Amino acid sequence: MRFSLAPREERFFTMFEHSVDVVVEGVKAFKELIDDYADVEKKVRHLEGIEAKGDENTHRMVDALNRSFVTPIDREDIHKLNSYLDDILDHVEALAVRFQLFKVQETTPEMREFADLILQATLQIQKAVHSLTRLDRMMPFLMEIKRLENLADDLSHKAIADLFENGKDPVELIKLKELYGRMESCVDRCNDVANVLESIVVKNG
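Numbering (this note's numbering), first residue to last: 1 to 205.
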């Protein structure tokens, strides 16, 4: 069966596509920072610029929602999706800043694995958001996000257990534990987006 949304205001779908593309741009910049940990200050500034673009998209969406009487999907779902997409970008930007503030000298294999999971989940979100007008195509992307979120949970448990087992310097342990926790939280935010998109499918499919 072919599910479709016939939007009364196509601009919301176009705006969401622009928003998610900027989120992916930001997550790719974060992954580049983690994978090639050099010129940290420059890369953090670049990511802050992308986050500012994301904020502009978020504000435009809120303004459009306030000006619209009829929306193609529930207003609450538009607001949540807009907010949760922004949360992903906010999280990776805040993470990048912490790497700089904590004076991290090098990234760990666990950090690189987390960054890869964040990017994979965000790319699935991008595919799902670009399928908002064809809801029958969306569920495989959402299921993959949930799978990646489970992998991030497993990675977090193992990474933190290894920290305590290997008896690291207490200050270093605190820094790494917070960074690992926040990286896991980024994947959780991706799962929040998947839950909103799943709700849209259920309501409109």
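No residue lacks a Cβ here, since even glycine has one placed at the ideal position from N, Cα and C.
Note that this is a predicted model, so its numbers are computed, not measured.
The alpha-carbon separation between glutamate 48 and glutamate 113 amounts to approximately 22 Å. Straight through space, the alpha carbons of phenylalanine 102 and lysine 168 are spaced by roughly 16 Å. A straight line joining the alpha-carbon of threonine 14 with that of asparagine 166 spans about 49 Å. DSSP places isoleucine 125 within a helical segment (H, G or I) once states are collapsed to three.
When secondary structure is reduced to three states using DSSP, isoleucine 160 falls in the helix class.
Counting C-beta pairs closer than 8 Å gives three or more between the stretch 135 to 147 and the stretch 185 to 194, which meets the contact rule. The C-beta of glutamate 149 has 16 or more other C-beta atoms within 10 Å across all chains shown, which makes the residue buried. Annotation: the continuous alpha helix (DSSP H) that includes threonine 14 extends over 11 to 35. With respect to the 9 Å criterion, aspartate 77 and glycine 54 are not classified as neighbours on the basis of their beta carbons. Taking C-alpha positions only, valine 97 is separated from valine 70 by approximately 40 Å. For glutamate 198, same chain residues with a beta-carbon under 7 Å away, outside a window of 5 residues either side, are Leu142 in chain order. Of all C-beta pairs linking the stretch 120 to 132 to the stretch 153 to 163, fewer than three are shorter than 8 Å, placing the two stretches out of contact. Rounded to whole angstroms, aspartate 63 and leucine 173 show a C-alpha spacing of 43 Å. The distance from the Cβ of leucine 33 to that of valine 40 is about 7 Å, consistent with a contact at the 8 Å cut-off. The DSSP-derived three-state label of proline 72 is coil.
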